[in-house]
Amino acid sequence: HKEYRRQRQMCIRDRFKEMKSRFFGLMFTDGNIVVRMLESVREHVLEGKAMHHCVGSGTNYSLNPDCIIFSARIAEQRVETVEFSLEQMKVVQCHGLQNKDTEHHADIINLVNSNARLIEQRMVATT
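For the sequence shown, our numbering begins at 32 and goes up steadily by one.
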């Protein structure tokens, strides 16, 4: 059972890397807010636990081919978690602790959406 779980975790990790590695390193800032892509299933889990929402539960978000997940932070403190749709090329969800929006909500969405072309460039460069 332990070996099965280890193998499954490796498979999930490899699938995640295969699907999302072209986006690794994506980070946007307005000088105050820093939005950085979550680059592993483990980072998704940690984000979900810290923010008390579902981004870290299971693999619905980490292995969803349509989305990439970002953590928006100020001074290294998590503020909101952002789901960006690769199909729609825009933010589809953005929430803070316990799915509540913060005073930075609109600024975070604008920051990510205004950098959609950088995300799109990563898609085109590797397809």
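Note that the Cβ used here is the ideal one computed from N, Cα and C, for glycine as well.
Three-way DSSP call (helix, strand, coil) for residue i in this model
{"i": "H136", "result": "helix"}
{"i": "Q119", "result": "coil"}
{"i": "H75", "result": "helix"}
{"i": "K131", "result": "coil"}
{"i": "Y35", "result": "helix"}
{"i": "N91", "result": "coil"}
Per-residue burial, residue i [other beta carbons within 10 Å of its own, 16 or more giving buried]
{"i": "C98", "result": "buried"}
{"i": "T158", "result": "Only weak support is given to the placement of T158: the predicted model assigns it a pLDDT of 49, under 50, and the value that follows is read from those uncertain coordinates. That one is exposed."}
{"i": "V166", "result": "With the chain running from 32 to 158 in the structure shown, residue 166 is simply not present."}
{"i": "D45", "result": "exposed"}
{"i": "L149", "result": "exposed"}
{"i": "K51", "result": "buried"}
{"i": "G56", "result": "exposed"}
{"i": "C125", "result": "buried"}
{"i": "Y35", "result": "exposed"}
{"i": "H84", "result": "buried"}
{"i": "K39", "result": "According to the sequence displayed, residue 39 carries Arg and not Lys. Counting Cβ neighbours within 10 Å, R39 comes out exposed, since fewer than 16 surround it."}
Boundaries of the beta strand (DSSP E) in which residue i is found, first to last residue
{"i": "F54", "result": "Unbroken run through F54: none, as it is neither H nor E."}
{"i": "S116", "result": "108-116"}
For residue i, the residue or residues it bridges with in DSSP
{"i": "H84", "result": "According to DSSP, which records beta bridges pairwise, H84 is partnered with nothing at all."}
{"i": "C98", "result": "S116"}
{"i": "R67", "result": "M58, S102"}
{"i": "C125", "result": "V113"}
Residue i Cβ short of 6 Å to the ligand MN heavy atom set
{"i": "N91", "result": "The ligand MN is absent from the structure shown, which contains no ligand whatsoever."}
- Message: Between the region 63-83 and the region 105-120, can you find at least three pairs of beta-carbon atoms closer than 8 Å?
- Response: By the criterion of at least three beta-carbon pairs nearer than 8 Å, the region 105-120 is in contact with the region 63-83.
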